[in-house]
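Peer 1: Keeping their order, the protein sequence lines are chains A and B.
For the first sequence, our numbering assigns the number 188 to the initial residue and increments by one for each residue that follows.
For the second sequence, our numbering assigns the number 555 to the initial residue and increments by one for each residue that follows.
Glycine included, every Cβ here is placed at the ideal spot set by N, Cα and C.
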Amino acid sequence: MSILQVKDLKTQFFTQDGIVRAVDGVSFNVDVGETLAVVGESGCGKSVTALSILRLIQKETGRIVDGSIKFNGRELTTLSEEEMRAIRGHEISMIFQEPMTSLNPVLTIGTQIAENVVRHKGVSWQKARDRACEMLELVRIADPIRRLDEYPHQMSGGMRQRVMIAIALSCDPKVLIADEPTTALDVTIQAQILDLMIELKEKIHAAIVMITHDLGVVAETAQRVVVMYAGRKVEEASVEDLFENPMHPYTRGLMKAIPRLDMDAEAADKRIRLQEIEGMVPALIDPIPGCAFAPRCPFATERCRTQLPPFVESTAGHIAACWEVERVRELAA
Amino acid sequence: MNQHDPNAPSLEVTNLVKHFPILGGFLQRQVGAVRAVDGVSFSVRRGETLGVVGESGCGKSTVGKTVLKLLEPTSGEIRLGGIDVTKFSPGQMWDHRRRIQTVFQDPYSSMNPRLKAGAIVGEPLQNFGIASGSDLDDRVAQLFRRVGLRPENMKKFTHEFSGGQRQRLGIAKALSVNPDVIVADEPVSALDVSVQAQVLNLMIDLQEEYQLAYLFISHDLAVMRHISHRIAVMYLGRIVEITDKRTLFTRPMHPYTEALLSAAPIPDPKKKRERLIIQGDVPSPSKPPPGCHFHTRCPFAIGACKEIDPPLLEIAPGHHVACIRRPVGAAPEPLTRTN
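(1) With C-beta atoms as the reference, is A:A273 less than 8 angstroms away from A:G297?
(2) A:E465: buried (16+ other C-beta within 10 angstroms of its C-beta) or exposed?
(3) Which residues share a DSSP beta bridge with B:K670?
(4) Helix, strand or coil for A:K420, going by three-state DSSP, please let me know.
(5) What in chain B is Cβ-close to A:R460, meaning under 9 angstroms?
(6) Whose CA, out of B:Q557, B:V836 and B:G618, lies closest to the CA of B:E907?
(7) Leaving aside the five residues before and after B:H573 along the sequence, list all residues of the same chain whose C-beta is less than 6 angstroms from its C-beta, in chain order.
(8) Using a Cβ-Cβ distance cut-off of 8 angstroms, determine whether A:A452 contacts chain B.
(9) Between the alpha carbons of B:T811 and A:M415, how many angstroms are there, rounded?
(10) What residues of chain B sit near A:A406, judged by a beta carbon separation below 9 angstroms?
(11) For A:I282 and B:G676, I'd like the C-alpha separation in whole angstroms.
(12) Name the DSSP bridge partner or partners of B:I725?
(13) I'd like the list of long-range same chain contacts for B:Q546, defined as Cβ closer than 8 angstroms, with 5 residues on each side in sequence excluded.
(14) Kindly identify the DSSP beta-bridge partner or partners of A:Q199.
(15) Spell out a yes or no on whether the region 193-204 of chain A and the region 236-255 of chain A are touching, meaning 3 or more CB-CB pairs, one atom from each, closer than 8 angstroms.
(16) Check each candidate in B:E795, B:D822 and B:A885 and name the one with the smallest Cα separation from B:H873.
(17) Where do the N-terminal and C-terminal ends of the alpha helix (DSSP H) with B:T801 fall, by residue?
(18) From the DSSP output, which residues share a beta bridge with B:P575?
(19) If we define contact as Cβ-Cβ less than 8 angstroms, is B:V747 a contact residue for chain A?
(20) Could you pull out every unbroken alpha helix (DSSP H) segment of at least 4 residues lying fully inside the region 317-384 of chain A, listed in chain order?
(21) Classify B:K619 as helix, strand or coil using the three-state DSSP reduction.
(22) Using the C-alpha atoms, what's the distance from A:M434 back to A:V512?
(23) Kindly confirm or deny that the region 734-748 of chain B and the region 650-665 of chain B touch, where touching means at least three C-beta pairs closer than 8 angstroms.
(24) Name the chain B residues that come within less than 9 angstroms of A:I376, Cβ to Cβ?
(25) What is the rounded straight-line gap between the Cα of A:R208 and the Cα of A:A365?
(26) Take the Cβ of A:L335 as the centre, count every other Cβ of all protein chains shown within 10 Å, and call the residue buried at 16 or more, exposed below.
(27) A:L448 and B:R583: beta carbons closer than 8 angstroms?
(28) Are there 16 or more other CB atoms within 10 angstroms of the CB of A:V293, so buried, or fewer, so exposed?
(29) Are the C-beta atoms of B:P886 and some chain A residue less than 8 angstroms apart?
(30) What is the residue span of the alpha helix (DSSP H) that B:E731 lies within?
(31) Taking the beta strand (DSSP E) that A:M271 belongs to, which residues open and close that run?
(32) Buried or exposed: A:E489, going by 16 or more other Cβ atoms within 10 Å of its Cβ?
(33) Taking the C-alpha atoms as reference points, what is the distance between A:P476 and A:P482?
(34) For chain A, is any of its Cβ atoms less than 8 angstroms away from the one on B:I684?
(35) In the DSSP assignment, find the alpha helix (DSSP H) that holds B:R599 and state where it starts and stops.
(36) What number of angstroms, rounded off, separates the C-alpha of A:A444 from the C-alpha of B:L766?
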């Protein structure tokens, strides 16, 4: 059952240079209890998608121009700001990349967790503080009672991200959106946080939308994956299918371009060249009539440049937007 | 010896120490020191990449800045092609600067936004009196082509380039004076994977063409595995393990190296691994723990680890490890956990 349904979402920003089509018709569903990864490179619209779901796009600069976002059957795009506030941090919550800038430096972390609980659960501050303590324990912060009265600057980066997770989970959300939650952290700390998130997922029964650029993080945390390029979804599959049989030339290129820690020693000794994806991501200001990846795609034909490719299904639940799926598959075989 | 020796390692560092004073109190006296680099030794030969890997605060970037003499070393010795440059004044250093160049993580903030790209790349050539006038333009155009940029782009400003192109500019600039050593501090960390591959391939090609020595600083083990020949792992200002890449990835001997390798997420959902997740955070380099700096997080620490400063020993040919549980000649067997 889907808890979150995003359909034909279009989010645009209005700049002096023109309209930036940051999200250009993206659809996906998130099922109860699953982790869906949204993966792509910078500027692909993955973060804007997340912000759109929570309606956090600043009115002065941009807005959702089309599409629908349904949470638990309820349309979010038309809710009032007041109604949206009751959902944010309560039924849908979010963790951000930078735990330092997302925490308030002048409030103790106990207050920051309790604040959310008081706001949404209507309990007393004393009860909320107990809840905060419970949450710190849940995210495995040692000595939680003492930590409640500490400020963010007294904590390390990993610890702050644990606090962010504690706040996000304090009101038992149904959907947790994690936007690059480990990107700013060192690898050993990243491993701790990913481990914690996988463990908590079992406990909290929330669906997780994991926004990341890191295919390693995708492989370790997600069940299903949406690959985005230039504001559009180009491929969607279960994590196993995606890594085993990537369909879209962009996904395939991405997988071959990453240096692998698990490559064999021979290959590593020879320093075999990585496969490059020629060129660069297109500017999102000019409308792209065809496939956005066409200018960089070795399979592209005239049709790719002029007509928007439809989604083609290979196996159940594995779709890609590509005109040349057959040729790509033949090459792989 | 003050003559450039072609047989000496391009870069040789012995017991390098860099401490930053912590000032405090009313009189701003020194009350402590951040021991950013605490006795580090290594060498890089012609055509070789030495990777320096570690987490934030381990001192890897300070090593880079100190060997470039952008920071004055507290003690130790830095030799460029056999010449001891440690005590050189900036004036004396001038003649040797050409031999060691750098590529930064973010070329945008390291380039003058008001200069055209051609002028940025050509500046070192002018500074060192290597070329001027139309010869300069020719050389810069050649450099542009060599790093995969069109010479027409010489007239553009840096903000008109993408991240990957800017990094190519940074590489062209470093390359312009024909250096022996390039210190590259996280040169691909700010780039997207598809562009990262382009820049890594370019760096490998250039190294093979010009026999450059790279000191390649990064936190990314997969990138390291791709570009390095040998790798030094740093933790809190010290090298804990240094060896050739194959040995490091197949038979890591220091528990920290093992933890780093096992922490990196692998882009393959079928490879579910038994992970060695180390708890806690990196301690502050102003108050490093006594004994082995890693003992506070090490799952294999024994009592003596708190007291003994483990020396970096060559436990097998070319394989140096600083761990008292890994004596000379030790087999690469798993250690027994102590906590």
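Peer 2: Reading from the atomic positions:
(1) no
(2) exposed
(3) B:F711
(4) strand
(5) A751, L754, N755, I758 and D759
(6) Lying outside 555 to 893, the shown extent of chain B, residue 907 of chain B is not represented and no answer is given.
(7) A587, R589 and T628
(8) yes
(9) 34 angstroms
(10) P819, I820, P821, D822, P823, K824 and K825
(11) 45 angstroms
(12) None, per the DSSP bridge assignment.
(13) Residue 546 of chain B falls outside the range modelled here, since chain B spans only 555 to 893, and no answer is possible.
(14) A:R208 and A:R250
(15) yes
(16) B:E795
(17) K799 to T804
(18) B:A587
(19) yes
(20) 331-335 and 344-356
(21) helix
(22) 7 angstroms
(23) yes
(24) E609, A817, D835 and V836
(25) 23 angstroms
(26) buried
(27) no
(28) exposed
(29) no
(30) The amino acid at residue 731 of chain B is misidentified as Glu; the sequence shows Val. Segment: none, B:V731 is in no alpha helix (DSSP H) and carries neither H nor E.
(31) Counting along the chain, A:M271 falls outside any beta strand (DSSP E), though it belongs to the alpha helix (DSSP H) covering E268 to I274.
(32) exposed
(33) 12 angstroms
(34) no
(35) Here B:R599 belongs to no alpha helix (DSSP H), and DSSP marks it neither H nor E.
(36) 24 angstroms
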